Amino acid sequence: MAKKRRIFAWSPLRALMKKAGAEIVSRDAVELLLNYLEARSRKLTETALVFAKHSKRKKISKGDMGLAIENYH
Numbered sequence: 001m002a003k004k005r006r007i008f009a010w011s012p013l014r015a016l017m018k019k020a021g022a023e024i025v026s027r028d029a030v031e032l033l034l035n036y037l038e039a040r041s042r043k044l045t046e047t048a049l050v051f052a053k054h055s056k057r058k059k060i061s062k063g064d065m066g067l068a069i070e071n072y073h
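Numbering-wise, the sequence shown is residues 1 to 73 according to full-length UniProt numbering.
Okay, structure coming up:
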């Protein structure tokens, strides 16, 4: 079976977890967090794009992303 291509890299996320105090973390735990971050990032981008299109723009601005983050459920 082919590996799933990742948007976020595994090693930097693992380093972030270690910096947060998690000395020992299973590969499955890192994979679960990667999946969560990718899904949430995709949803936030879709929401920010709605705000940009509402303003008749194609480019997502910092303000659009800020609104998407504020309104995330």
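Glycine included, C-beta positions come from ideal geometry on N, C-alpha and C.
Since this is a predicted model, take the numbers as computed values, not measurements.
How is residue 79 classed by DSSP in three states: helix, strand or coil?
Examination of residue 79 is not possible in this model, given that the chain is present from 1 through 73 alone.
Can you check which of these residues, Arg40, Lys59, Asp28, is closest to His73 by C-alpha distance?
Arg40
Residue burial classification, Ala20 (beta-carbon count within 10 angstroms, cutoff 16)
exposed
Using alpha carbons as the reference points, say which of Leu49, Ser11, Glu70 lies closest to Ser61.
Leu49
Where does Arg5 sit, in a helix, a strand or coil, going by DSSP?
coil
Whose C-alpha, out of Ala9, Val25, Asp64, Met17, is nearest the C-alpha of Thr45?
Asp64
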